[in-house]
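Accompanying notes for the structure given below.
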Amino acid sequence: MSGKTLYDKLWEDHVVHTEDDGSCLIYIDRHLVHEVTSPQAFEGIRLAGRKPWNVARNLAVADHNVPTNNRDKGIADPISRLQVETLDKNCAEFGITEFGMNDIRQGIVHVIGPEQGATLPGMTVVCGDSHTSTHGASGALAFGIGTSEVEHTLATQCLIQKKAKNLLINVNGEVGSGVTAKDIVLSIIGTIGTAGGNGFTIEFGGSAIRALSMEGRMTVCNMAIEAGARAGLVGVDEITIDYYRNRPLSPKGDDWFMAERVWQNLHSDKDAIFDKVINIDATQIKPQVTWGTSPELVVSIDDVVPNPADETDSVKAQSMQRALDYMGLQAGQKITDIQIDKVFIGSCTNSRIEDLRAAAVVVEGKKVAPNVKLALIVPGSGLIKQQAESEGLDKIFIDAGFEWRDAGCSMCLAMNADRLEEGERCASTSNRNFEGRQGYGGRTHLVSPAMAAAAGIAGHFVDVSSWAGE
Amino acid sequence: MRAFTTLTSIVAPLDRANVDTDAIIPKQFLKSIYRTGFGVYLFDEWRYLDQGQPDMDCTNRPINNDFVLNKPEYKSAQILLTRENFGCGSSREHAPWALEDYGFRAIIAPSFADIFYNNCFKNGLLPIALDAEIVGGLFKELTDDYSLTIDLATQTITTPNGKTIAFDVDENRKFRLLNGLDDIGLTLQHADKIHAYETERAKRAPWLFREVSI
Numbered sequence: 162m163s164g165k166t167l168y169d170k171l172w173e174d175h176v177v178h179t180e181d182d183g184s185c186l187i188y189i190d191r192h193l194v195h196e197v198t199s200p201q202a203f204e205g206i207r208l209a210g211r212k213p214w215n216v217a218r219n220l221a222v223a224d225h226n227v228p229t230n231n232r233d234k235g236i237a238d239p240i241s242r243l244q245v246e247t248l249d250k251n252c253a254e255f256g257i258t259e260f261g262m263n264d265i266r267q268g269i270v271h272v273i274g275p276e277q278g279a280t281l282p283g284m285t286v287v288c289g290d291s292h293t294s295t296h297g298a299s300g301a302l303a304f305g306i307g308t309s310e311v312e313h314t315l316a317t318q319c320l321i322q323k324k325a326k327n328l329l330i331n332v333n334g335e336v337g338s339g340v341t342a343k344d345i346v347l348s349i350i351g352t353i354g355t356a357g358g359n360g361f362t363i364e365f366g367g368s369a370i371r372a373l374s375m376e377g378r379m380t381v382c383n384m385a386i387e388a389g390a391r392a393g394l395v396g397v398d399e400i401t402i403d404y405y406r407n408r409p410l411s412p413k414g415d416d417w418f419m420a421e422r423v424w425q426n427l428h429s430d431k432d433a434i435f436d437k438v439i440n441i442d443a444t445q446i447k448p449q450v451t452w453g454t455s456p457e458l459v460v461s462i463d464d465v466v467p468n469p470a471d472e473t474d475s476v477k478a479q480s481m482q483r484a485l486d487y488m489g490l491q492a493g494q495k496i497t498d499i500q501i502d503k504v505f506i507g508s509c510t511n512s513r514i515e516d517l518r519a520a521a522v523v524v525e526g527k528k529v530a531p532n533v534k535l536a537l538i539v540p541g542s543g544l545i546k547q548q549a550e551s552e553g554l555d556k557i558f559i560d561a562g563f564e565w566r567d568a569g570c571s572m573c574l575a576m577n578a579d580r581l582e583e584g585e586r587c588a589s590t591s592n593r594n595f596e597g598r599q600g601y602g603g604r605t606h607l608v609s610p611a612m613a614a615a616a617g618i619a620g621h622f623v624d625v626s627s628w629a630g631e
Numbered sequence: 123m124r125a126f127t128t129l130t131s132i133v134a135p136l137d138r139a140n141v142d143t144d145a146i147i148p149k150q151f152l153k154s155i156y157r158t159g160f161g162v163y164l165f166d167e168w169r170y171l172d173q174g175q176p177d178m179d180c181t182n183r184p185i186n187n188d189f190v191l192n193k194p195e196y197k198s199a200q201i202l203l204t205r206e207n208f209g210c211g212s213s214r215e216h217a218p219w220a221l222e223d224y225g226f227r228a229i230i231a232p233s234f235a236d237i238f239y240n241n242c243f244k245n246g247l248l249p250i251a252l253d254a255e256i257v258g259g260l261f262k263e264l265t266d267d268y269s270l271t272i273d274l275a276t277q278t279i280t281t282p283n284g285k286t287i288a289f290d291v292d293e294n295r296k297f298r299l300l301n302g303l304d305d306i307g308l309t310l311q312h313a314d315k316i317h318a319y320e321t322e323r324a325k326r327a328p329w330l331f332r333e334v335s336i
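First to last, the protein sequences are chains W and S.
When you read off a place in the first sequence, starting at 1, and then add 161, the result is the number in our numbering.
When you read off a place in the second sequence, starting at 1, and then add 122, the result is the number in our numbering.
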């Protein structure tokens with residue numbers, strides 16, 4: 162018998178019941194809740210006269226609608242305010258732990274989960290948010306769900322699921338200077354496409370993934386969904402275990418030693434068979450910049466905007482042309498010639514301390530370019546903000562002309578007041594460059610934190626691996 | 123949930139690949155705490171020429187006459203025909219809510235994003251994945267009054283010229299959709315098994331079952 166993949170192990174460990182057609186009832190260890198996808202689920206529970214199966218398995222935080230400045234004044238938009246207040250009320254009514262807007266532990270749900278040890282290796286983790294795949298970096302099976310499944314999880318602590326197939330993406334070799342986890346994952350999406358992972362759970366392996374910190378691995382798993390996979394995974398190693406030492410909700414005392422032993426088995430067996438394997442050469446990856454309205458429309462910084470006329474598939478060529486029109490770009494234009502109006506460094510993809518440090522190194526002692534109207538730094542949590550301030554990063558950013566804000570999803574999807582105006586172009590460390598994502602008519606280019614920071618200083622995209630500052 | 127048995131309807135063609143959930147229902151409408159009322163904002167940025175806001179009255183908004191759903195011949199369409207990877211992006215169930223509230227009951231495409239696909243079945247909406255070639259053929263055949271008949275029990279689609287196309291769907295999902303059944307009620311029939319699992323798991327991973335307050 163061949164060995165098991167990490168996904169096989171996590172799946173088998175959580176099966177409560179199997180139906181005749183192969184669909185399974187799987188147990189959910191951690192349910193993360195935010196304000197946008199939960200109100201209708203709580204309402205459903207209430208109307209049916211049901212109770213949460215186990216309140217302790219839930220952790221809630223408001224992140225999408227919260228303002229990133231002047232928090233003491235509350236939320237100005239009455240519709241946003243009602244949604245956040247509804248979460249507060251629901252959590253109070255059902256006894257669910259919630260980090261309130263002014264709690265230092267508040268932040269983006271996918272940042273605070275690992276930070277608090279609320280998501281741990283070996284767990285199943287769900288949240289009404291597609292970027293739940295982030296938590297797979299810990300060797301947890303983590304995926305996004307819709308509101309009906311939020312209600313189902315609240316009421317039963319289980320979900321009805323069919324097992325996905327196993328895809329292994331090996332990223333081998335050492336990346337060059339200036340190339341980050343974000344560039345690795347954008348390059349993967351550029352290679353396999355936004356539907357490349359549909360029906361699969363992706364395990365990321367290879368020496369370039371092993372060399373990443375937990376923060377970097379979270380960036381990679383975060384965007385597994387952008388490659389079409391509901392869940393991304395990285396096997397547990399010493400880096401994982403070190404990360405979880407002494408987190409508030411990490412196992413304590415004898416539990417820790419037992420957990421450590423169990424977690425050490427959370428990797429694919431050497432003889433495990435994957436349904437598909439893709440190998441990527443890390444040494445060939447350069448800093449990446451998306452040029453279109455789908456994350457797969459991505460090129461290297463030293464490249465030009467592609468020409469739809471070179472595409473043989475007519476459906477694809479049509480999408481490329483539509484993307485060029487929306488983005489206001491010309492085929493053949495150099496990426497380094499693209500001027501930007503705004504910079505956004507933040508989101509569940511890139512708002513961790515390592516991301517802020519990488520951006521700070523680039524901007525230290527420099528000034529934001531005159532054509533850049535707004536450059537925002539939005540830490541992923543209140544605790545990250547505090548940590549960054551203790552390292553003096555806030556001063557570096559503020560001196561360079563960046564705005565230093567409070568934690569939240571912010572301009573990743575512009576549900577709060579932070580957004581692009583029509584036609585504005587943004588260097589963004591977020592995960593989606595869809596039409597209108599960062600604001601009606603806004604144009605998003607996805608990049609790493611260092612690339613976004615450098616674009617903010619230069620006023621246009623530059624290759625951070627060779628850029629000396631202008 | 124509304125049951126889905128058979129459906130005969132004209133077909134609206136949305137000839138785009140990778141239609142994402144931000145396009146299906148833009149984020150500003152996600153601020154609602156209700157489950158209904160999203161239909162008027164379906165494909166908001168493509169359907170209207172102005173910027174949509176939550177709670178907006180849409181009756182007098184400027185319409186994009188080039189957008190397929192604004193063409194009079196497709197006004198009553200309950201079947202949407204589209205290209206690969208439909209529903210990619212976020213997990214927002216507001217996307218199937220908006221499609222269903224607008225009046226769609228079935229979507230035909232070569233492929234769907236996984237979370238969206240799953241969400242459809244919770245809302246009486248049937249997503250049908252067919253070979254890209256067959257979908258391409260339907261796009262070619264399609265005329266203004268083109269209508270299809272979908273029969274979920276037999277898993278077939280019948281075209282106007284009498285040709286039938288078979289499609290796949292999980293037995294479990296099909297059963298629930300045919301009968302309009304609530305998943306939670308069915309899962310709670312296994313409550314004993316869930317308790318038994320928790321007892322067994324607590325021995326293997328006791329740290330998950332400690333009462334910790336933070």
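Glycine included, C-beta positions come from ideal geometry on N, C-alpha and C.
Residue nearest to residue i in terms of C-alpha spacing, selected from the options
i: Cys587(W); options: Asp344(W), Leu537(W), Leu208(W); result: Leu537(W)
i: Thr280(W); options: Ile402(W), Arg580(W), Gly617(W); result: Ile402(W)
i: Asp142(S); options: Lys165(W), Ala388(W), Arg378(W), Gln201(W); result: Ala388(W)
i: Phe160(S); options: Gln173(S), Lys325(S), Cys180(S); result: Cys180(S)
i: Pro148(S); options: Ser212(S), Ile230(S), Thr286(S); result: Ser212(S)
i: Leu164(S); options: His216(S), Asp292(S), His317(S), Phe331(S); result: His216(S)
i: Thr259(W); options: Pro282(W), Ala301(W), Val216(W); result: Sequence check: residue 259(W) is Glu here, not Thr. Minimum Cα distance to Glu259(W) is reached at Val216(W).
i: Leu221(S); options: Phe234(S), Val162(S), Asn192(S); result: Val162(S)
i: Gly283(W); options: Pro328(S), Ile287(S), Tyr170(S), Asn186(S); result: Pro328(S)
Residues that residue i contacts on chain S, provided the C-beta gap is smaller than 9 Å
i: Met576(W); result: Lys149, Gln150, Leu152, Lys153
i: Ala356(W); result: Ala139, Asn140, Glu206, Asn207, Cys210, Ser233, Ala235
Proximity test, Cβ basis, 7 Å: residue i and chain S
i: Phe595(W); result: yes
i: Asp436(W); result: no
i: Glu180(W); result: yes
i: Arg408(W); result: no
i: Thr280(W); result: no
i: Asp416(W); result: yes
i: Gly305(W); result: yes
i: Ile236(W); result: no
i: Asp290(W); result: yes
i: Ala420(W); result: yes
i: Ser512(W); result: no
Interface partners of residue i on chain S, CB under 8 Å
i: Thr247(W); result: Ile155
i: Gly389(W); result: Asn207, Cys210, Ala235, Asp236
Cutoff 7 Å: residue i Cβ touching any chain W Cβ
i: Asp266(S); result: no
i: Ser198(S); result: no
i: Asn294(S); result: yes
i: Ile146(S); result: no
i: Pro70(S); result: The requested residue 70(S) is not part of the displayed model; chain S covers only 123 to 336.
i: Pro176(S); result: yes
i: Asn241(S); result: yes
Partner residues on chain W for residue i, Cβ-Cβ distance less than 7 Å
i: Leu330(S); result: Asp190
i: Arg214(S); result: Thr198
i: Tyr319(S); result: Val177, Tyr188
Chain-ordered chain W contacts of residue i [CB-CB under 8 Å]
i: Leu310(S); result: Ala316, Thr317
i: Asp305(S); result: Ser309, His313, Ile321
i: Lys262(S); result: Those do not exist, as Lys262(S) stays about 13 Å from chain W at its closest Cβ, beyond 8 Å.
Beta-ladder partner(s) of residue i, from DSSP
i: Asp268(S); result: Per the sequence shown, residue 268(S) should be read as Tyr rather than Asp. Per DSSP, none; premise fails for Tyr268(S).
i: Ser131(S); result: Leu270(S)
i: Tyr393(W); result: The amino acid at residue 393(W) is misidentified as Tyr; the sequence shows Gly. Its beta-bridge partners are Ile363(W).
i: Asn333(W); result: Asp442(W)
Where residue i meets chain W, residues with beta-carbon distance less than 9 Å
i: Cys180(S); result: Residues of chain W passing the Cβ test: none, with the nearest at roughly 16 Å.
Using 8 Å as the threshold, is the stretch 246–266 of chain S in touch with the stretch 310–328 of chain W, meaning 3 or more CB pairs across them?
no
I want to know whether the stretch 145–158 of chain S touches the stretch 524–541 of chain W - three or more CB-CB distances under 8 Å.
no
At least 3 beta-carbon pairs within less than 8 Å: the stretch 219–228 of chain W vs the stretch 295–303 of chain W
no
Can we say the stretch 263–277 of chain W touches the stretch 553–569 of chain W, given the rule of at least three CB pairs closer than 8 Å?
yes
Give a yes or no on contact between the stretch 501–508 of chain W and the stretch 577–586 of chain W, applying the rule of three or more CB pairs nearer than 8 Å.
yes
Touch test, the stretch 173–192 of chain S against the stretch 349–359 of chain W, Cβ-Cβ under 8 Å, three pairs minimum:
no
Is the number of C-beta pairs between the stretch 445–454 of chain W and the stretch 474–488 of chain W that are closer than 8 Å three or more?
yes
Take every Cβ of the stretch 176–187 of chain W, pair it with every Cβ of the stretch 228–248 of chain W, and state whether three or more of those distances are shorter than 8 Å.
no
Can we say the stretch 519–533 of chain W touches the stretch 610–621 of chain W, given the rule of at least three CB pairs closer than 8 Å?
yes
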